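Participant: Protein chains in written order, with our numbering: chain A, 117 to 239; chain B, 5 to 496. This is the structure I have questions about; it appears just below.
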Amino acid sequence: MIDLTGTIEPVRAIHGGVVVLMVVGLYVLVARGNLIKKLIGLGVFQTSVYLLYIAPGKIAGGSPPIIADGIVTYSNPLPHVLILTAIVVGVATLALGLALVVRIHEEYGTIEEDEILDRDDPA
Amino acid sequence: MIADHLPALQVAIPLLAAGICAMLRRSVPAWALATATSLVAAAISAWLLARAASGGPISYRLGSWEPPWGIEYRVDEANALLLLLVAGIGAVVMPYARRSVAREIAEESHPWFYASYLLCLTGLLGMSITADAFNVFVFMEVASLSSYVLIALGRDRKALFAAYQYLILGTVGATFFIIGVGFLYVVTGTLNMVDLAARLATVEDVRPVVVGIAFLSVGLGLKLALFPLHYWLPNAYAYAPTVGTAFLAATATKVAIYLLLRFFFTVLGPSFPFAASPIPAIWIALSVAAIILASIAAIHQAGIKRMLAYSSVAQIGYITLGIGIGSEAGLTGAIVHLFNHAVMKGALFLLVGGAILRGGDMNIDALGGLARRMPATFAGIVIAGLSLIGVPGTVGFVGKWLLASAAIEQGQLWLAFAIVGASALAVVYVWRIVEAACFRPPSTEEFAEMPISMLMPAWILTALCIYFGLDTSLTVEVAGRAAALLIGGAAT
């Protein structure tokens, strides 16, 4: 069991950061027309989730999870491992997204969303 | 001996084949490998379904790590049916792929296309088979990233932008899903679905769980294209290569729907009864909106693949409606319609893809003369189209009938009217194809019937539209038991 209440202060601060990053990321994603800026927003949004997972892994008074005499409380290492996987996924997504933007630029000559839509259906 | 490892091989074989496929530099060997792999995967899934049906759920421990610490693969009748659906559609679509891909995709990209297809198959099978919530996310991203590639390989440059939009929204959906899983993990400390279900029952502070459910619902809603989160779907389906469209339309959204069922009923059901929450009301409202508005949108599309894509959004509405009804009968209807819609939409996209290749145009108006020049293709389109409407004797009828009776059983007569009324809208958009194919003058070029290697797979699915419409024992019985299993919670 992971105890959220044991470490109120630092966890609160981190969760505040998570919410800020999440909202900033989503805002950039929605509000910007530039395809690369959208990917930056996506990256920020994903990063907020990494923090969300890792923060509760720290147990109040827990030591790093290496078995040693005299230590009874350990931090939970599993969230780090999970997020390592999620980071790899995030990198792959970003790489594919950027590759698509390169191809879009080759075909359309622009990476602005509204210009791309205009070029396909000239009003 | 090897039979014990089939749950792992179900996912591992396509994954390894994808790697090999990417290294093959030529089109035909890559296609042969992809086809052989699909057939093997389909055989394994059929075997798993038979064994899950006779001997109860199969639990497989990856690397022999005990659950809940290790990742567990768990096959019961609910996901075995889905495995069979995904692998079966793959096995039918691949023989079609050789000619179709040869005409739609540049030669040097063929091995990449087949490798992406195999990765997508891996991801979808993995999402279905795993009992570990985080593992679901990893496979979801494997399936999604490869499907973005499948879409981006379309001929039209619009395919690139469609793939980009899908990438953005799909990633947001998957991230919302993983946020939801994170909340459940934080309050329980476990990711194994069975263990999660047991531990959620002892949770005292339910607020994080409620927040988690909200994130899960929105994330999966994006993935399964629940109205109004379907924005990515029409362009993605319209501009992807035919094989990609047929495979994704038949499988990708269905797996997301299965995950939703799994989380709402198996994982959360025992401690947070679905029917007692405000979700069903929202779900039913959105489903009815999807059925009616997406059907109307389908009527107004000029492009035939876009029209079928909007029809998919509407049909997904029927499936989620069954989930919203929430009773065992409703879930049975949802699972049956999920299976049936995959069969008929797969058939339609394959047939229409053939017609587009011959006619060379994506607009419905360009289908003129189809009835005379390509009679077998046209006959298939008519049968699958009737099934889409829900005419008795076709699969579409079985699903809608079950859903309508489930709605009436719950005293929600108006839902039954919505189901029937929206079928009338389906008549309109299916008629547009038939009308153009029969009465419009043919476009200038000569065009003849599809080659047999393309016609056969399309007609296998078309024949299944009728077969499962007449003999409902396999689908309805398995779906009924799967629904009971999901509602009954994770019986160990």
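Just so you know, even glycine gets a beta-carbon here, dropped at the ideal spot from N, CA and C. All figures in this text were calculated on a predicted structure; none of them were measured in a lab.
Less than 7 Å between the C-beta atoms of B:Ile17 and B:Val44, yes or no?
Facilitator: Position 13 of the second sequence, counted from the start, is the residue given in the question as residue 17 of chain B. Position 40 of the second sequence, counted from the start, is the residue given in the question as residue 44 of chain B. Yes, they are a contact pair.
Participant: So, does the CB of A:Tyr143 fall closer than 7 Å to a CB anywhere in chain B?
Facilitator: On the first sequence, residue 143 of chain A is found 27 positions in, with the first residue counted as 1. So, not an interface residue.
Participant: Looking at B:Ser2: is its Cβ nearer than 7 Å to the Cβ of B:Thr324?
Facilitator: Summary: the structure shown does not reach residue 2 of chain B, with chain B confined to residues 5 through 496, and so no result is reported for it.
Participant: Mind pulling the chain A residues with CB within less than 8 Å of B:Ala156?
Facilitator: Along the second sequence, one-based indexing puts residue 156 of chain B at 152. Near B:Ala156 (Cβ distances below 8 Å), the residues of chain A are Leu216, Arg219.
Participant: With DSSP as the reference, label B:Arg377 as helix, strand or coil.
Facilitator: In the second sequence, counting from the first residue as 1, residue 377 of chain B sits at position 373. In the structure shown, B:Arg377 sits in a helix (DSSP, three-state: H, G or I).
Participant: By the 10 Å Cβ neighbour count, where 16 or more other Cβ atoms means buried, how is B:Phe187 classified, buried or exposed?
Facilitator: Taking the second sequence and counting its residues from 1, the one referred to as residue 187 of chain B is at position 183. Flag for B:Phe187 reads buried.
Participant: So is B:Val153 buried or exposed if we call it buried at 16+ other beta carbons inside 10 Å?
Facilitator: Here the question's residue 153 of chain B lines up with position 149 in the second sequence. Under the 10 Å beta carbon count, B:Val153 is surrounded by 16 or more other beta carbons and is classified as buried.
Participant: B:Ile295 and B:Ala318 - do their beta-carbons sit closer together than 7 Å?
Facilitator: Here the question's residue 318 of chain B lines up with position 314 in the second sequence. Here the question's residue 295 of chain B lines up with position 291 in the second sequence. The answer is yes: Cβ separation under 7 Å.
Participant: Does DSSP classify B:Glu70 as helix, strand or coil?
Facilitator: As a working note, residue 70 of chain B is residue 66 in the second sequence. Reduced to three states, the DSSP call for B:Glu70 is coil.
Participant: By DSSP, does B:Gly481 sit in helix, in strand, or in coil?
Facilitator: What you label residue 481 of chain B is simply residue 477 of the second sequence in a count that begins at 1. Checking the sequence shown, residue 481 of chain B turns out to be Glu, not Gly. Reduced to three states, the DSSP call for B:Glu481 is helix.
Participant: Buried or exposed for A:Val134, please, with buried defined as at least 16 other CB atoms from any protein chain shown within 10 angstroms of its CB.
Facilitator: On the first sequence, position 18 is the one that residue 134 of chain A refers to. That one is buried.
Participant: Would B:Gly350 and B:Ala250 be called neighbours here (beta carbons separated by less than 7 Å)?
Facilitator: Numbered from 1 along the second sequence, position 346 holds the residue referred to as residue 350 of chain B. Numbered from 1 along the second sequence, position 246 holds the residue referred to as residue 250 of chain B. Yes, they are a contact pair.
Participant: Between the region 140-151 of chain B and chain A, which residues of the former have a C-beta closer than 7 Å to a C-beta of the latter?
Facilitator: Listed by position along the chain: Val142, Glu145, Leu149.
Participant: Return the chain-ordered list of same chain residues with a C-beta closer than 7 Å to the C-beta of B:Phe141, the five sequence neighbours on each side being excluded.
Facilitator: Residue numbering aside, residue 141 of chain B sits at position 137 when the second sequence is read from its first letter. So the qualifying residues of the chain are Ala178, Phe181, Ile182, Val185.
Participant: B:Asp8 by DSSP, collapsed to three states: which one?
Facilitator: The residue labelled residue 8 of chain B in the question sits at position 4 within the second sequence. Helix.
Participant: So, helix, strand or coil for B:Asn344, using DSSP?
Facilitator: Counting from one through the second sequence, the residue named residue 344 of chain B turns up at place 340. Of the three classes helix, strand and coil, the one that applies to B:Asn344 here is helix, per DSSP.
Participant: Quick check on B:Phe165 - is its C-beta less than 7 Å from some C-beta in chain A?
Facilitator: On the second sequence, position 161 is the one that residue 165 of chain B refers to. Yes, its Cβ sits closer than 7 Å to a Cβ of chain A.
Participant: Within the 7 Å Cβ cut-off, does A:Gly213 reach chain B?
Facilitator: For the purposes of this step, residue 213 of chain A is taken as residue 97 along the first sequence, with counting starting at 1. Against chain B, the CB of A:Gly213 has a partner CB under 7 Å away; the residue lies at that interface.
Participant: How do the region 145-160 of chain A and the region 185-195 of chain A stand: do at least 3 beta-carbon pairs fall below 8 Å, yes or no?
Facilitator: No, the region 145-160 of chain A does not touch the region 185-195 of chain A.
Participant: Looking at chain B, which residues of the region 154-168 of chain A have a Cβ within less than 7 Å of any of its Cβ atoms?
Facilitator: Lys154, Leu158, Phe161, Gln162, Val165, Leu168
Participant: Report the rounded CA-to-CA distance for B:Ser551 versus B:Ala256, giving the unit in angstroms.
Facilitator: There is no way to answer for residue 551 of chain B, as the model of chain B reaches only from 5 to 496.
Participant: Quick check: the Cα distance between A:Gly173 and B:Ala137, rounded to an integer number of angstroms?
Facilitator: Working through the first sequence from its first residue, we reach residue 173 of chain A at position 57. Working through the second sequence from its first residue, we reach residue 137 of chain B at position 133. Rounded to whole angstroms, A:Gly173 to B:Ala137 spans 17 Å at the Cα level.
Participant: What's the gap between the Cα of B:Pro455 and the Cα of B:Pro396?
Facilitator: Position 451 of the second sequence, counted from the first residue, corresponds to residue 455 of chain B. Position 392 of the second sequence, counted from the first residue, corresponds to residue 396 of chain B. Their backbone Cα atoms lie some 31 Å apart in a straight line.
Participant: Going by C-alpha to C-alpha distance, which of A:Lys154, A:Leu194, A:Val207 sits closest to A:Ala171?
Facilitator: Mapped onto the first sequence, residue 171 of chain A falls at position 55. Of the candidates A:Lys154, A:Leu194, A:Val207, the one whose C-alpha sits nearest the C-alpha of A:Ala171 is A:Leu194.
Participant: Roughly how many angstroms lie between the CA atoms of B:Ala488 and B:Leu265, to the nearest whole one?
Facilitator: By 1-based counting over the second sequence, the position of residue 488 of chain B is 484. By 1-based counting over the second sequence, the position of residue 265 of chain B is 261. Roughly 12 Å between the two C-alpha positions.
Participant: For B:Gly206, is the classification buried or exposed, using 16 other Cβ atoms within 10 angstroms of its Cβ as the cut-off for buried?
Facilitator: Translated into positions along the second sequence, residue 206 of chain B becomes position 202. Position check: residue 206 of chain B holds Thr in this sequence, whereas Gly was assumed. By the 10 Å Cβ count, B:Thr206 comes out exposed.
Participant: Please report the distance separating the alpha-carbon of B:Pro61 from that of B:Ala50.
Facilitator: Reading the second sequence from its first residue, position 57 is the one you call residue 61 of chain B. Reading the second sequence from its first residue, position 46 is the one you call residue 50 of chain B. Straight-line spacing of the CA atoms in B:Pro61 and B:Ala50 works out to 14 Å.
Participant: Counting along the chain, where does the alpha helix (DSSP H) carrying B:Val271 start and finish?
Facilitator: Mapped onto the second sequence, residue 271 of chain B falls at position 267. Element bounds for B:Val271: n/a, residue is neither H nor E.
Participant: So which residues of chain B does A:Asp236 contact, with C-beta pairs closer than 7 Å?
Facilitator: Taking the first residue of the first sequence as 1, we reach residue 236 of chain A at position 120. Chain B residues near A:Asp236: Lys162.
Participant: Which residue's Cα is closest to the Cα of B:Ile75: B:Glu413, B:Leu224, B:Thr134, B:Leu204?
Facilitator: Position 71 of the second sequence, counted from the first residue, corresponds to residue 75 of chain B. Measuring from the Cα of B:Ile75, the nearest candidate turns out to be B:Thr134.
Participant: Identify, in the order they occur along the chain, each residue of the same chain with its Cβ nearer than 7 Å to the Cβ of B:Val176, setting aside the five sequence neighbours on each side.
Facilitator: For the purposes of this step, residue 176 of chain B is identified with residue 172 of the second sequence, where counting begins at 1. Hits under 7 Å: Leu226.
Participant: Can you tell me the Cα-Cα spacing of A:Val165 and A:Met138, whole angstroms?
Facilitator: One-based indexing of the first sequence puts residue 165 of chain A at position 49. One-based indexing of the first sequence puts residue 138 of chain A at position 22. Cα to Cα, A:Val165 sits roughly 8 Å from A:Met138.
Participant: Here's the rule I'm using: 16 or more other beta-carbon atoms within 10 Å means buried, otherwise exposed. How should B:Met460 be labelled?
Facilitator: By one-based count along the second sequence, residue 460 of chain B stands at place 456. Exposed, because fewer than 16 other Cβ atoms sit within 10 Å of the Cβ of B:Met460.
Participant: A:Ala202 touches chain B at which residues, Cβ-Cβ below 8 Å?
Facilitator: Along the first sequence, one-based indexing puts residue 202 of chain A at 86. Per Cβ cutoff of 8 Å: Phe141, Ile182.
Participant: State buried or exposed for A:Leu214, treating a residue as buried only when at least 16 other CB atoms are found within 10 Å of its CB.
Facilitator: Stepping through the first sequence from its first residue, residue 214 of chain A is reached at position 98. Exposed, because fewer than 16 other Cβ atoms sit within 10 Å of the Cβ of A:Leu214.
Participant: Does the Cβ of B:Val424 have 16 or more other Cβ atoms within 10 Å, making it buried, or fewer, making it exposed?
Facilitator: As a first step, residue 424 of chain B must be located in the second sequence, where it is residue number 420. So B:Val424 ends up on the exposed side.
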